[in-house]
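Heads up, the thing below is written out as structure tokens.
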Amino acid sequence: MRTFVLRARAAPTDGKTLLASVGSEVHVEILAHALMNAIFVAQSHRPDVVIYLVLESTPDYSRTIRFEADVMRDIGGFDERALLGRIARALDASAGMGKEETRAVEAGVSVQTISFERLVQRLAADHALYVMDRKGLPIHEQVFDENPCFLLTDHIPMPKNTLRGLERLGAKKLTLGSRMLFASQCIVLIHHELDRR
Ligand SMILES: C[S@@+](CC[C@H](N)C(=O)[O-])C[C@H]1O[C@@H](n2cnc3c(N)ncnc32)[C@H](O)[C@@H]1O
0 MRTFVLRARA APTDGKTLLA SVGSEVHVEI LAHALMNAIF VAQSHRPDVV IYLVLESTPD
60 YSRTIRFEAD VMRDIGGFDE RALLGRIARA LDASAGMGKE ETRAVEAGVS VQTISFERLV
120 QRLAADHALY VMDRKGLPIH EQVFDENPCF LLTDHIPMPK NTLRGLERLG AKKLTLGSRM
180 LFASQCIVLI HHELDRR
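Numbered according to this note's numbering, the sequence shown spans residues 0 to 196.
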């Protein structure tokens, strides 16, 4: 299983606000592009892929939306509006949830009121964690086991204390080169690297 976690620090946890912020400096398109490139290929979806989108601009709890490619049904297209619509639907379904609850939204999609830190602590139990960072080990030098989990951010960098916490969980930094890429472009290159092995 390939797992991706996108920490979207600027993304609102209210569905209507999310949709209304398209085109603004919040850059919610990052969520749609990451979802698209993690899960879809032309005329199909990728097997054995999970992506977590962690939305953190919130008055209460972060919302972590989990998409599992093998279980998802038709999501009504893969244009940005359709993808953001799916994300907004999961946010709407999370209304009124208490801390660290989970709710099913639709086939292959669930939403949790769990923070990025708690999520990665849980994932660390059965995944090898990799923080995508331009100063890491070149990805082609890394040997992967069966359950790699790649950690990415939106346009706001990972805080230094989070990076220290990730290190304590055994996370390794991996680079895709010196050029700063979008998270969604990193996802494409990670898939490519794993596909060609
Ligand atoms: C647009 S970048 C984040 C930009 C942010 N201002 C920063 O300084 O980290 C989005 C994500 O892609 C990762 N990323 C971008 N280029 C990369 C590269 N060449 N190698 C590895 N990860 C990369 C970043 O680490 C981040 O998780």
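We put the CB at the ideal spot given by N, CA and C, even for glycine.
Pull the bridge partners of residue i from the DSSP assignment, please.
i       : result
Val-108 : Phe-66, Glu-105
Ser-114 : BP columns for Ser-114 are empty, so no partner.
Met-131 : Leu-173
Phe-149 : Phe-3, Tyr-129
Phe-143 : Per DSSP, none; premise fails for Phe-143.
Val-40  : Ser-43
Pro-158 : None, per the DSSP bridge assignment.
Within the continuous beta strand (DSSP E) that includes residue i, where are the two ends?
i      : result
Glu-55 : 48-56
Lys-98 : Counting along the chain, Lys-98 falls outside any beta strand (DSSP E), and DSSP gives it neither H nor E.
Any heavy atom of ligand 1 closer than 7 Å to the CB of residue i?
i       : result
Phe-181 : yes
Arg-1   : no
Cys-148 : no
Val-14  : Here the sequence assigns Gly to residue 14, which means Val is not the residue at that position. False, no ligand heavy atom lies under 7 Å from that Cβ.
Leu-162 : no
His-154 : yes
Leu-175 : yes
Arg-195 : no
Asp-69  : no
Arg-88  : no
Arg-121 : no
Arg-178 : yes
Leu-151 : yes
Asp-132 : yes
Quick one: Cα of residue i to Cα of residue j, how far?
i       : j       : result
Ala-7   : Asp-59  : 15 Å
Asp-125 : Tyr-51  : 15 Å
Gly-135 : Gly-76  : 35 Å
Ile-155 : Arg-1   : 24 Å
Gln-130 : Asp-144 : At residue 130 the sequence reads Val, which differs from the Gln that was named. Cα to Cα, the separation comes out at about 16 Å.
Gln-184 : Leu-30  : 12 Å
Phe-181 : Lys-98  : 31 Å
Leu-128 : Arg-80  : 31 Å
Leu-168 : Thr-152 : 18 Å
Glu-166 : Met-157 : 13 Å
Val-48  : Ala-68  : 6 Å
Leu-54  : Thr-174 : 24 Å
Lys-159 : Gly-84  : 32 Å
Can you look up residue i in the DSSP assignment and give me helix, strand or coil?
i       : result
Ala-31  : helix
Leu-136 : strand
Arg-178 : coil
Arg-163 : helix
Arg-8   : strand
Ala-124 : coil
Ser-183 : helix
Arg-195 : coil
Arg-72  : coil
Leu-83  : helix
Name the two residues that bound the continuous alpha helix (DSSP H) containing residue i.
i      : result
Gly-76 : No alpha helix (DSSP H) holds Gly-76; DSSP gives it neither H nor E.
Gly-14 : 14-19
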